[in-house]
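Just so you know, we're using UniProt numbering here: the sequence shown kicks off at 1 and counts up by one. Here a beta-carbon is modelled for each residue, glycine too, at the ideal position from N, C-alpha and C. Keep in mind it's a predicted model, so treat the numbers as computed, not measured. Okay, structure first, notes after.
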Amino acid sequence: MDPSVEKVSLGVRKAQLFKQLASRLDFILIISGIVMVAWAKNWEGNTLSSITPQVTGIFGGLSIGSVLDTILYIMVTVLLPMFSKLADTVGRAEAIVIAIWFYIMAGVVMACAQSMDALMGGQVLYAFGLSGVNVIGHILIADLTTKVNRGLFQAFYDVPALINLYVSPIAGQALYESGNWRWAYSLIPFCIGAASIPLFIGLYRVQRKVQRSGLLEEYKREVAVTEVKPKTLWEKVRWLVVEIDLMGSCLLAGGLCLFLIPFVLAVSRWGGWSSPTTLGTLISGFVLLILFGLYEKFVATKPIVPMGAWATPTPITGVLTCATVSMFHASNWNYFLMYIQVTRGLDSTTANYVQNSYHTVFLVSQVLAGYLMKRFKVYRPIVFVGLSFMMIGMGMMIPARLPDSSMVFLIFSQIIAGFGSGFIYVPVLIAVQSSVPHEDLAVVTALFQVGGTLATSIGSAIAGAIFTNLLPIQFAEHIPGEYDYATLAGNLEAIAALPSDQWNGVVTAYGNIQRIFSIVSLCFGALAFVFFLGMRSFGLTDDEINSEHEYSPSEKEKSSSMAPSINELHEMTNVK
1 MDPSVEKVSL GVRKAQLFKQ LASRLDFILI ISGIVMVAWA KNWEGNTLSS
51 ITPQVTGIFG GLSIGSVLDT ILYIMVTVLL PMFSKLADTV GRAEAIVIAI
101 WFYIMAGVVM ACAQSMDALM GGQVLYAFGL SGVNVIGHIL IADLTTKVNR
151 GLFQAFYDVP ALINLYVSPI AGQALYESGN WRWAYSLIPF CIGAASIPLF
201 IGLYRVQRKV QRSGLLEEYK REVAVTEVKP KTLWEKVRWL VVEIDLMGSC
251 LLAGGLCLFL IPFVLAVSRW GGWSSPTTLG TLISGFVLLI LFGLYEKFVA
301 TKPIVPMGAW ATPTPITGVL TCATVSMFHA SNWNYFLMYI QVTRGLDSTT
351 ANYVQNSYHT VFLVSQVLAG YLMKRFKVYR PIVFVGLSFM MIGMGMMIPA
401 RLPDSSMVFL IFSQIIAGFG SGFIYVPVLI AVQSSVPHED LAVVTALFQV
451 GGTLATSIGS AIAGAIFTNL LPIQFAEHIP GEYDYATLAG NLEAIAALPS
501 DQWNGVVTAY GNIQRIFSIV SLCFGALAFV FFLGMRSFGL TDDEINSEHE
551 YSPSEKEKSS SMAPSINELH EMTNVK
């Protein structure tokens, strides 16, 4: 039996055969399909974010709106490695079909929601779809490209979002004002389903070629020969549970939910930090997180976080670098849309335009970073420049986000930070993917996104804790006369209807809270610099084999056994 086949799972072997057998048309269909799904995903995401404050206000939950984000990111954190292992176990095509099915069902559930609880329940299904589409899209791009070209392809994955940033909020606001806000959720099945058709066609064509070649059946027969006896159904179930680390995933999900949710609900719903519900939930979550760490260290054979699995520190330090950047974004932008609507008197559409100035520059600078990586075949100097600009932008945000600062200053600070962030994400992702063997590509891609989503959930929880705990204090200090805090914290229209002296007090309170968000985010940016120093420098090449200093002798031998299929992919990419 070929030793290169013996050490890989079924899904990885399928990916290797995809590289060998995919034609130029297949490549175009798959890549264009991935980009179209990314557009649809971003379209519905921006549409929903533009009306989320109003929709949660309808259900009386504006003050706990960050709970939605926290639940979503906790679920995605757990599901990303599960989907990556599913892609390695059964195949990329099968895994993404499952993810898109969950995506479509989530749109149906949220469109029919009659309460805040039902809306949060829809987020659970939504997390299944979002996590699967996110991680498998990046895995497919990495499967089909070389290291030197991968940065451009990964950057173009998000380029369609440029259109959605400015068009989809208009659609969302129009649906809300016409009383048809449920259609914003109903668009999910139509957009995601239609956009995935080219991707499904491309994957189906290559799947047929793999089946007709007989190479996959030959691999299955060779693997079957090594088994002492056929596996029973129970043994197959146990094997799958171990492969996806189901126990570790459950411990992580439970621990994160129990530990992070109280930061948002303790004051607003559970009677304060000394209430039995708050204390019991926090302690239970802390215990589960400790059990998760012990289980992953001493029990799990296929851990979610494969610490020590690679000789180089680049994968782990790269993940931590981008995770802290994600934490900065989540903590500083979680309530920003509400802030500028309250303090600047902007409608939802205009407020989204202001917020999206950061995201626009972020997406454009990603493409520029991808080109610079292709041109100079390095990544570390690009990341250093990005971190520097991001820190400058965050420092400017502290005075820029005060209510009396000019709108030009506010937008300019976001442009500087967005330019820097775009120079960080893609180069670090490519460095992380390029510093591990190909059979670990899906795992490390999931780990990269797990770091981002986990950091985002923590950042969202921090923002929720600051908002729900400090806003009542700020209101008491700055709002004269009598007022109903529950009404003001949960209804933008009620704030706009206040007398001028009370409205000025609300504006001051929101401005002070936003200043705290910016200071906290600046601290996260400094931490990202520290993690970046642990990333090793290596040149980007046109092949899939990593630099020699990134490999141990056994890894070099393993990588050399994959050379034929890699060379074929290299030739195919050059033709395209």
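- When the beta-carbon positions are compared, residue 512 and residue 474 come within less than 8 Å of each other.
- Taking C-beta atoms as the reference points, residue 430 and residue 361 fail to come closer than 8 Å.
- The criterion of a C-beta distance shorter than 8 Å is satisfied by residue 198 and residue 32.
- In this structure, 131 is the residue among 517, 17, 457, 131 with its C-alpha nearest to the C-alpha of residue 95.
- Of the other Cβ atoms in all chains shown, fewer than 16 fall within 10 Å of the Cβ of residue 214; this residue is therefore exposed.
- Rounded to the nearest angstrom, the gap between the Cα atoms of residue 135 and residue 82 is 10 Å.
- In the displayed model, residue 298 falls within a helix according to three-state DSSP.
- Closest by C-alpha distance to residue 391, out of 524, 295, 18, is 524.
- Here the region 346-357 does not lie against the region 452-468, with fewer than 3 beta-carbon pairs under 8 Å apart.
- Nearest to residue 342 by alpha-carbon distance, out of 459, 366, 502, 277, is 502.
- With a contact defined as Cβ atoms closer than 8 Å, residue 514 and residue 339 qualify at about 5 Å.
- For residue 259, the enclosing alpha helix (DSSP H) covers residues 246-260.
- In this structure residue 302 touches residue 243 by the C-beta definition: roughly 6 Å separates them, less than 8 Å.
- Rounded to whole angstroms, the separation of the alpha carbons of residue 326 and residue 177 is 32 Å.
- Three or more pairs of CB atoms, one per stretch, sit closer than 8 Å, so the region 11-28 contacts the region 134-149.
- With a contact defined as Cβ atoms closer than 8 Å, residue 507 and residue 403 qualify at about 5 Å.
- CA-to-CA, the gap between residue 211 and residue 220 works out to about 12 Å.
- Taking all protein chains in view, the Cβ of residue 314 is crowded by 16 or more other Cβ atoms within 10 Å, so the residue is classified as buried.
- Residue burial is scored here from C-beta neighbours: residue 13 has at least 16 other C-beta atoms within 10 angstroms and is therefore classed as buried.
- If only uninterrupted beta strand (DSSP E) runs of at least 3 residues are considered, none is enclosed by the region 337-383.
- Residue 57 places its beta carbon 8 Å or farther from that of residue 488.
- Separation of residue 345 and residue 43 (C-alpha to C-alpha, rounded to the nearest whole angstrom) is 25 Å.
- Residue 99 is positioned such that its CB atom lies no closer than 8 Å to that of residue 59.
- Taken in chain order, the complete alpha helix (DSSP H) segments of 4 or more residues contained in the region 427-505 are 441-478, 485-488, 492-496.
- Counting along the chain, the unbroken alpha helix (DSSP H) around residue 154 starts and ends at 147-156.
- Between residue 201 and residue 398 the beta-carbon gap is near 50 Å, outside 8 Å, which marks them as no contact.
- DSSP places residue 326 in the uninterrupted alpha helix (DSSP H) bounded by 314-333.
- For residue 199, the enclosing alpha helix (DSSP H) has its first and last residue at 197-213.
- A direct Cα-to-Cα measurement between residue 241 and residue 450 gives close to 19 Å.
- In this structure the region 360-379 lies against the region 148-155, because at least three pairs of beta carbons, one per stretch, are closer than 8 Å.
- Unbroken beta strand (DSSP E) runs of no fewer than 3 residues, entirely contained in the region 93-134, are not found.
- The beta carbon of residue 425 sits closer than 7 Å to those of 322, 366, all from its chain and outside the five residues before and after it, given in chain order.
- The C-beta of residue 180 has fewer than 16 other C-beta atoms within 10 Å across all chains shown, which makes the residue exposed.
- DSSP, reduced to helix, strand and coil, places residue 183 within a helical segment of the structure shown.
- Minimum Cα-Cα distance from residue 139 among the listed residues 122, 293, 445, 522 corresponds to 445.
- By the C-beta density criterion, residue 233 is exposed, having fewer than 16 other C-beta atoms within 10 angstroms.
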